[in-house]
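Peer 1: Have a look at this one before I ask anything.
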Amino acid sequence: MIDIWWVFAQIVAGGCGALARFGVMAIIRPGVWSWGLFAVNGVGSLAVGAGAGAFAVHALDWTMASLILAFAAGLTTFSTLTVTAAQHIERREIRTGSIIVTSHVVVGIVVAALGYISAIVLLGS
């Protein structure tokens, strides 16, 4: 059921994800390759996949699954990825920008699928 407490919990979970992203990005400073950005997007994709898999086999209820999604949404950042790629393209580093975007998307899909399949295998009945 959606009520004011559920909305508040979603805001808090998303905020915690954003704070976690800020911490990771502050510790792992970007260079040519932003490992911090890669890490938060990978972990967020894994969390979404695992949460969806756990929800699919009824190991998580809707509320907990939505909290995982809210945290992962706050943790991951598509906008930073696009800005990073645009900066490389602006500097005529087309190959680097393309590799960054492609690797984030491909690794994100693969890691989400692994999280989903792992949750189903480990938690399924």
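The numbering used here applies: residue 394 is where the sequence shown begins, and numbers increase by one. Note that the Cβ used here is the ideal one computed from N, Cα and C, for glycine as well.
Identify every run of the beta strand (DSSP E) within the segment 488-514, keeping only runs that are complete inside it and at least 3 residues long; order them along the chain.
Peer 2: As far as the segment 488-514 is concerned, it has no whole beta strand (DSSP E) run of at least 3 residues.
Peer 1: State the DSSP-derived secondary structure class of Ile397, mapped to helix, strand or coil.
Peer 2: Locating residue 397 in the sequence shown gives position 4, where the first residue counts as 1. Note: Ile397 maps to helix in three-state DSSP.
Peer 1: Would you kindly report the start and end of the unbroken alpha helix (DSSP H) that includes Ser438?
Peer 2: As a position in the sequence shown, residue 438 is number 45, starting the count at 1. Unbroken alpha helix (DSSP H) run through Ser438: 428-449.
Peer 1: Between Gly408, Arg484, Leu439, which has its C-alpha nearest Val498's C-alpha?
Peer 2: Along the sequence shown, read from residue 1 onward, the residue named residue 498 stands at position 105. Comparing Cα-Cα distances from Val498 to each of Gly408, Arg484, Leu439, the minimum goes to Leu439.
Peer 1: By Cβ distance below 8 angstroms, which residues in the same chain neighbour Ala432 in space, the five residues on each side in sequence not counted?
Peer 2: Residue numbering aside, residue 432 sits at position 39 when the sequence shown is read from its first letter. Hits under 8 angstroms: Val417, Ile421.
Peer 1: Return the CA-CA distance between Gly444 and Ala478, expressed in angstroms with no decimal places.
Peer 2: The sequence position of residue 444 within the sequence shown is 51, counting from 1. The sequence position of residue 478 within the sequence shown is 85, counting from 1. Roughly 29 angstroms separates the two Cα atoms.
Peer 1: Answer with buried or exposed for Arg414, where buried requires no fewer than 16 other C-beta atoms within 10 angstroms of its C-beta.
Peer 2: On the sequence shown, position 21 is the one that residue 414 refers to. Arg414 should be labelled buried.
Peer 1: Count the other CB atoms within 10 Å of the CB of Gly501; is the residue buried (16 or more) or exposed (fewer)?
Peer 2: Within the sequence shown, numbered from 1, the residue matching residue 501 stands at position 108. Buried, because 16 or more other Cβ atoms sit within 10 Å of the Cβ of Gly501.
Peer 1: Let me confirm a value: Ser491 is counted as buried when at least 16 other C-beta atoms fall within 10 Å, else exposed. Which label applies?
Peer 2: To locate residue 491, count along the sequence shown from 1; it is residue 98. Per the 10 Å Cβ criterion, exposed.
Peer 1: With Leu474 as the anchor, note down where its alpha helix (DSSP H) starts and where it stops.
Peer 2: Walking along the sequence shown from the start, residue 474 turns up at place 81. Its alpha helix (DSSP H) spans residues 471-483.
Peer 1: Within 10 Å of its beta-carbon, does Phe448 have 16 or more other beta-carbons around it, so buried, or fewer, so exposed?
Peer 2: Locating residue 448 in the sequence shown gives position 55, counting from the first residue. Buried is the call here.
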